[in-house]
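S.K.: Structure incoming, see below.
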Amino acid sequence: MASNPKTLTFEEVSKHNHKKDCWIIVNRKVYDITPFLDDHPGGDEVLVTSTAKDATIDFEDVGHSDSAIEIMEKYYIGNFDTSTLPANVNHRQPPPTQAHGGGNQSSEFVVKILQFLLPLVILGLAFALRSYGKEKQAAPHES
């Protein structure tokens with residue numbers, strides 16, 4: 001982390017919004033993540049689209065690991081002056097106890113159920129077909 005952090009304005013940070021110069025704002029801190037773009041597991045595009053706004057919600061929605069947060073620290077360049085954030089830019093802080101994307105929770109639940117049930121259905125179908133095939137074999141052929 002910077003030993004004597006500077007405070008950056010939205011105008012300063014928002015200029016760094018492309019692959020060759022990429023800064024993001026997360027939790028009122030500014031990070032120059034340009035060197036990390038090629039290494040980001042989610043690809044560089046997701047990071048570039050998080051520029052020129054407060055990316056805190058985007059960052060926390062993904063559920064980054066503790067090691068990801070530790071990696072971020074080496075890209076820290078200063079604090080963000082929240083008073084300079086324009087009103088039309090996403091700058092809400094996430095609620096501390098409530099998860100985002102409540103609508104996604106039901107679709108995630110459906111996906112988890114399908115991941116469990118689909119193999120069982122396939123297994124049951126394979127068993128039924130095998131049993132049916134054995135019955136057909138065991139039945140005497142009429143000629």
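Under UniProt numbering, think of the first position of the sequence shown as 1, with each following residue one higher. No residue lacks a Cβ here, since even glycine has one placed at the ideal position from N, Cα and C.
1) Count the C-beta pairs between the region 31-51 and the region 61-75 that are closer than 8 Å, then say yes if the count reaches three, no if not.
2) May I have the straight-line CA-CA distance separating D39 from S67, to the nearest angstrom?
3) Give the secondary structure of K74 by DSSP, where H, G and I count as helix, E and B as strand, and everything else as coil.
4) Can you give me the start and stop residues for the beta strand (DSSP E) that D54 sits inside?
5) Who are the near neighbours of G102 in its chain, counting only those whose CB is closer than 6 Å to its CB and skipping five residues on each side?
6) Since D54 contacts T7 with CB under 8 Å, what's their CB separation in whole angstroms?
7) With a CB to CB cut of under 6 Å and the five nearest residues on each side skipped, what residues in its chain are close to A52?
M.R.: Concretely, from the data shown:
1) The region 31-51 vs the region 61-75: in contact.
2) Here residue 39 is taken as the residue at index 39 of the sequence shown, counted from 1. Here residue 67 is taken as the residue at index 67 of the sequence shown, counted from 1. Rounded to whole angstroms, D39 and S67 show a C-alpha spacing of 14 Å.
3) Indexing the sequence shown from 1 puts residue 74 at position 74. In this structure, DSSP gives K74 a state outside helix and strand, which the three-state scheme calls coil.
4) As a working mapping, residue 54 is identified with position 54 in the sequence shown. Neither: D54 is in no beta strand (DSSP E) and is coded neither H nor E.
5) Position 102 of the sequence shown holds residue 102. Any answer about G102 is weak, because its pLDDT of 48 lies below 50 and its placement is not dependable; what the coordinates show is given next. Cβ neighbours of G102 beyond the five flanking positions: none.
6) Along the sequence shown, one-based indexing puts residue 54 at 54. Along the sequence shown, one-based indexing puts residue 7 at 7. About 15 Å separates the beta carbons of D54 and T7, which is beyond the 8 Å limit, so they are not a contact pair.
7) Position 52 of the sequence shown, counted from the first residue, corresponds to residue 52. Same-chain partners within the cutoff: S14, N17.
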